[in-house]
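Below is one structure, written out as structure tokens; the observations come after it.
Number of protein chains: 2
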Amino acid sequence: MNFNITKGFLEILHQKIEQKDLSWIKENVLSLHYADIAEIMDYLDNQEAKYIYSLVDEETQGDILMEVEESVRDRFLSSLSNKEIAEQLENLESDDAADLLGDLPDEQQEDVISKMDDEEAAEVVDLLKYDEDSAGGVMQKELIKANMNWPVNRAVVQLRKQAENVEKVYHIYVVDDDDRLVGVLSLKRLLFAGAKTKISDLYQSTNIISVKSNESLETVAKTMEKYDLVTIPVLDLQNKLIGRITFDDVVEFIKEEADKDYQMASGLSEKVDSYSSVWRISKARLPWLLIGMIGGVFGAQVISGFEGGITRVPELAFYIPLIMAMGGNIGVQSSAIVVQSLAKDSKPLGSILTKIARESLVAVINGLFLSFLIYAIAVAFGNAKLGLVVSFSLFAVIMVAAIFGTLIPLLLNKYKIDPALATGPFITTLNDVVGLFIYFTIGMMMYNL
Amino acid sequence: MNFNITKGFLEILHQKIEQKDLSWIKENVLSLHYADIAEIMDYLDNQEAKYIYSLVDEETQGDILMEVEESVRDRFLSSLSNKEIAEQLENLESDDAADLLGDLPDEQQEDVISKMDDEEAAEVVDLLKYDEDSAGGVMQKELIKANMNWPVNRAVVQLRKQAENVEKVYHIYVVDDDDRLVGVLSLKRLLFAGAKTKISDLYQSTNIISVKSNESLETVAKTMEKYDLVTIPVLDLQNKLIGRITFDDVVEFIKEEADKDYQMASGLSEKVDSYSSVWRISKARLPWLLIGMIGGVFGAQVISGFEGGITRVPELAFYIPLIMAMGGNIGVQSSAIVVQSLAKDSKPLGSILTKIARESLVAVINGLFLSFLIYAIAVAFGNAKLGLVVSFSLFAVIMVAAIFGTLIPLLLNKYKIDPALATGPFITTLNDVVGLFIYFTIGMMMYNL
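Order-wise, the sequence lines are chains U and G.
Sequential numbering from 1 applies to the first sequence in the working numbering.
Sequential numbering from 1001 applies to the second sequence in the working numbering.
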């Protein structure tokens, strides 16, 4: 029932496309769900993909176009004339059309718009006004609305007309004569109501959750998640209903945000996966590696400053890895906790100072435990003095790393910079260098060097 | 319109609850959306929360119970008798009731079930049979279904009855006389159809996406995402319709999975945020720190094995931080790329060997670039020989770290272990130790020590 792509299937498909075996293609490809057809197209070359695309009906073409991988879509669109692009855009929902159009160069945009149907062009042009990361930037114009003064039978007739252009109907928005949102009506209630009942007797008017067009996507996602909404109405600054956002856009946003944080924490500067080109993967990895390298060079400078000490007490070098590993780990852990909390709630109750105090307490608990442990280990290896140096330094490094790790993402967030940056290379590198300095300073003091 | 909790609001609320000021509470709390009331309850003590809870109607009680923080819910439930818990469970949807019940100790479970209404108890008991991480474990029994042979007017009457128990209706599932799923009907089509039309003329029967009850939640999430579904029907092994899963459960699952990977990559062993107790945060951080520490001790052993070399060429110690930082970074990057790809597609086309080959190519590109760079830097600092040692070792460490970083998560995945484990402490620690060994071995050779 659910389709799964296999190597064998693709081999046959390549042949059948070459043979233009329409009946096989109809039965085995065109009968599939559009998401499956899109997935198949990801594995075809442009010529083959265009052939399959030409065989499906217009509406499905639009669905497929939005489902294929971005690189496949770009390749596909760049092989079309502006007139053809305009036709394709007309098959899309307004938000998707605006997204695709927004990615084109400015002159091409204008030309494509001029070739589109006037009404649809107007909708798309209107959507292009909004910031991409705002509610207006992801909303779609297609929605179903009913006037509060209509009776059910009139509403059904009106809504039937509207529904032709709206693929997925989940709710009916109820507006007053000035197009201001006054409530929400579920299809369920409309379906089970008598013909003469007035809409105003059916709709829910309290606790209507909506967003303003200029609110950030982050706010939209948090609101829809909190209230478990499938769609959310978007209002302009006069509270007029101008669009709706559906849950799939928000799921995508949530995933992208999670991916971004994950990339940052694992040292990648852009979204890549095993299928990305070798060149792109190398490029995505280089920034963090360069910063790590600069940190390593600074580390070398710090250690060379203590060269005299190492010459006389070479075992001081033994615990460089331990001090570095612990400083880096603690820093990343502290930042990650802050980043996860900010992702849940970007304006948390409670001050920065309280957070630092709590984090310091955690650092004291972990620091005491680990410092005693490493002292015991060093004694077991027969070097109590070195153990004392490592133990004291470790405690100091843990405290410093925890405080940096908490403070930096909070400060970044305060100045509207993505706090996840802190989990990246900077904190680890900073903690490495500071940690080495602390370690050797304590070492020199305790060995009277 | 949308509610935001503030310190000021909470202060007044504490007072009003103490004064039992019903009219203020009604106007300012009870009129809010249940998700907002739940959020407020997170900030109240158990006594206060119970008071507010007792004032809302039964259905809203159920909604609130599922929205409050888990710790608040546990505290709240543990202050209720089994009879009271049974009453609360009856207000919930079947999947939520089963979740809460599943968290109780076995004897208490039985007692609570015996005190529930028979019909609802049967549903919940049935759901408890399924594995928590399977489709059956998250589905709810509440759904709307129509027999394919009904005419629209009969269907509307039947569906109205069913709809009383189903909070959110998005689709109507169409079944045959044996309760086998044959298609899906959108409320939109039903709403706009004539009274005498037969359901079998209305429903969509091709490309019906469903899952089997024993499929994993991961499969469910990927399927719903791929096909942009708000709900998905769940079938038993005979293709009978037994439940549905709604998008909010899947959004939660997606977020939890992303959180887990993120925690792993940032060295936390369980989900914590700034609001977790100091003790819990310390505990979540300790496992990675301990592994890092063991790695550090091994590192110390490796370096002490080369003590003679360091005594004669102390500058060898300078680049320990650089070698370690690079090995760790490369390893985490490689693993993270594999983990992200597996998250998208757990059974990727293409063999492990191909992936290792590609990753090695990336490592060669980055390795060559960084090795030349560090050689140039070392020469600039006036130490060409040391530069050569660092440059050669760095290249070797990058290659080894990249291969380990790719191979380990792929192997973990093959043996059904969460590949994200690889981004955690193990790879970094392994690479640190191996990297140091490579560095000092090359150093000893090149300095003829």
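C-beta atoms are modelled at their ideal positions from N, C-alpha and C, and glycine is treated no differently.
Keep in mind that this is a model prediction, so the values were computed, not measured.
- Item | DSSP state of V297 (chain U) mapped onto helix, strand, coil | In the structure shown, V297 (chain U) sits in a helix (DSSP, three-state: H, G or I).
- Query: Is there a Cβ from chain G that is less than 7 Å from the Cβ of N431 (chain U)?
  - Reply: No - not a single Cβ of chain G is within 7 Å of the one on N431 (chain U).
- Going along the region 251-262 of chain U in order, which residues come within less than 8 Å of chain G, judged by CB to CB distance? Answer set for the region 251-262 of chain U: V251, I254, K255, A258, D259, D261 and Y262.
- Rounded straight-line distance, which links the Cα of I1438 (chain G) to that of E27 (chain U): Inter-residue distance for E27 (chain U) and I1438 (chain G) is about 58 Å (C-alpha atoms, whole angstroms).
- Message: I need the boundaries of the alpha helix (DSSP H) containing F72 (chain U), first residue and last residue.
- Response: This sequence places Val at residue 72 (chain U); Phe is not what is there. The continuous alpha helix (DSSP H) containing V72 (chain U) extends over residues E70 to S78.
- Task: Select from the region 1225-1237 of chain G all residues with a C-beta closer than 7 Å to any C-beta belonging to chain U, and list them in chain order.
- Result: Answer in chain order: E1225, K1226, Y1227, D1228 and V1230.
- Message: Relative to the C-alpha of V400 (chain U), which candidate in U:D179, U:I330 and U:I5 has its C-alpha closest?
- Response: Selected option, being the one with the closest Cα: U:I330.
- Message: To be precise: take each residue of the region 1306-1333 of chain G, compare its Cβ to all Cβ atoms of chain U, and keep it if any distance is under 8 Å. Which residues remain?
- Response: Per Cβ criterion, the list reads E1307, I1310, T1311, P1314, E1315, A1317, F1318, Y1319, I1320, P1321, L1322, I1323, M1324, A1325, M1326, G1328, N1329, I1330, V1332 and Q1333.
- Message: Let me confirm a value: G382 (chain U) is counted as buried when at least 16 other C-beta atoms fall within 10 Å, else exposed. Which label applies?
- Response: By the beta-carbon neighbour count (other beta carbons within 10 angstroms, threshold 16), G382 (chain U) is exposed.
- Please determine, among U:G296, U:A376, U:V364 and U:W288, the residue with the shortest C-alpha to C-alpha distance to S266 (chain U). Just measuring C-alpha positions, the residue of U:G296, U:A376, U:V364 and U:W288 sitting nearest S266 (chain U) is U:W288.
- Item | Sequence-distant residues of the same chain with beta carbon closer than 7 Å to D36 (chain U), five excluded per side | The beta carbon of D36 (chain U) is closer than 7 Å to those of F3 in its chain, skipping five residues each way along the sequence.
- Message: Rounded to whole angstroms, what is the Cα-Cα separation between Q1047 (chain G) and I1012 (chain G)?
- Response: Going by the C-alpha atoms only, they are around 16 Å apart.
- Query: Going along the region 170-189 of chain U in order, which residues come within less than 7 Å of chain C, judged by CB to CB distance?
  - Reply: The structure shown contains no chain C; the protein chains it does contain are U and G.
- Query: Taking S1205 (chain G) as the reference, which of G:G1194, G:L1191 and G:S1186 has the closest Cα?
  - Reply: The candidate whose alpha carbon is nearest that of S1205 (chain G) is G:S1186.
- Item | Environment of S1078 (chain G) [buried if 16+ CB atoms lie within 10 Å] | Exposed, because fewer than 16 other Cβ atoms sit within 10 Å of the Cβ of S1078 (chain G).
- Within 10 angstroms of its Cβ, does E1132 (chain G) collect 16 or more other Cβ (buried), or is it exposed? Per the 10 Å Cβ criterion, exposed.
- Please report how far the alpha carbon of V1251 (chain G) lies from the alpha carbon of V251 (chain U), in whole angstroms. Going from the Cα of V1251 (chain G) to the Cα of V251 (chain U) covers about 7 Å.
- Nearest candidate by alpha-carbon position, reference V1397 (chain G), set G:Q1333, G:M1326, G:I1352 and G:I1356: When only C-alpha atoms are compared, the closest one is G:M1326.
- Task: Consider the Cβ of N413 (chain U): report whether some Cβ of chain G lies at a distance smaller than 7 Å.
- Result: Taking CB atoms only, N413 (chain U) has no neighbour in chain G less than 7 Å away.
- Item | Sheet register partners of N147 (chain U) (DSSP bridge) | Note: N147 (chain U) is bridge-paired with U:V175 in the DSSP secondary-structure output.
- Candidates U:A363, U:L229, U:G296 and U:P321: closest to E1167 (chain G) by CA position: Residue U:L229 holds the alpha-carbon nearest to the alpha-carbon of E1167 (chain G) among U:A363, U:L229, U:G296 and U:P321.
- Query: Does the Cβ-Cβ distance between S1351 (chain G) and S274 (chain U) come in under 7 Å?
  - Reply: It is not a contact, given that the beta carbons lie outside the stated cut-off.
- Item | Cutoff 7 Å: W1288 (chain G) Cβ touching any chain U Cβ | Using a Cβ-Cβ cut-off of 7 Å, W1288 (chain G) counts as an interface residue toward chain U, since at least one Cβ of chain U sits closer than that to its own.
- Determine whether the Cβ of G382 (chain U) lies closer than 7 Å to any Cβ atom of chain G. Answer no: the Cβ-Cβ gap between G382 (chain U) and chain G never drops below 7 Å.
- Query: With contact counted as at least three CB pairs below 8 Å, one residue from each stretch, are the region 416-426 of chain U and the region 278-295 of chain U in contact?
  - Reply: Touching, yes, given that three or more Cβ pairs across the two stretches are closer than 8 Å.
- Message: Between the alpha carbons of E1123 (chain G) and A135 (chain U), how many angstroms are there, rounded?
- Response: Those two C-alpha atoms are separated by around 40 Å.
- Task: Please check the pair Y34 (chain U) and I64 (chain U), which I expect to be a contact at CB under 8 Å, by giving their CB distance rounded to whole angstroms.
- Result: Indeed, because the Cβ distance is near 5 Å, the residues count as touching under 8 Å.
- heavy atom of the ligand COA below 6 Å from N153 (chain U) C-beta: The ligand COA is not part of this structure, which contains no ligands at all.
- Starting from the C-beta of R1244 (chain G), find all residues in its chain whose C-beta is less than 7 Å away, skip the five residues before and the five after it, and write them out in chain order. For R1244 (chain G), same chain residues with a beta-carbon under 7 Å away, outside a window of 5 residues either side, are M1139, Q1140, L1143, T1231, I1232, P1233 and V1234 in chain order.
- Out of curiosity, what's the CA-to-CA distance linking G183 (chain U) and Y173 (chain U)? If you take the alpha carbons of G183 (chain U) and Y173 (chain U), they lie about 6 Å apart.
- Assign L1022 (chain G) to one of two classes, buried (16 or more other C-beta atoms within 10 Å of its C-beta) or exposed (fewer than that). By the C-beta density criterion, L1022 (chain G) is exposed, having fewer than 16 other C-beta atoms within 10 angstroms.
- Message: Less than 8 Å between C-beta atoms, sequence neighbours within five positions excluded: which residues of the same chain meet that for N91 (chain U)?
- Response: Only residues of its own chain outside the window of five on either side were considered, and among them E58, E59, Q61, G62 and L65 have a CB closer than 8 Å to the CB of N91 (chain U), listed in chain order.
- Taking only beta-carbon positions, decide if L1191 (chain G) is within less than 7 Å of chain U. L1191 (chain G) has a beta carbon lying within less than 7 Å of a beta carbon in chain U.
- Query: Checking contacts by CB at 7 Å: is D42 (chain U) closer than that to chain G?
  - Reply: Taking 7 Å as the CB threshold, D42 (chain U) stays off the interface with chain G.
- CA-CA distance, L1217 (chain G) and D1179 (chain G)? Rounded to the nearest angstrom, the two C-alpha atoms are 24 Å apart.
- Task: Give the range of the alpha helix (DSSP H) segment to which P321 (chain U) is assigned.
- Result: Counted as a single uninterrupted DSSP element, the alpha helix (DSSP H) harbouring P321 (chain U) occupies residues I320 to K344.
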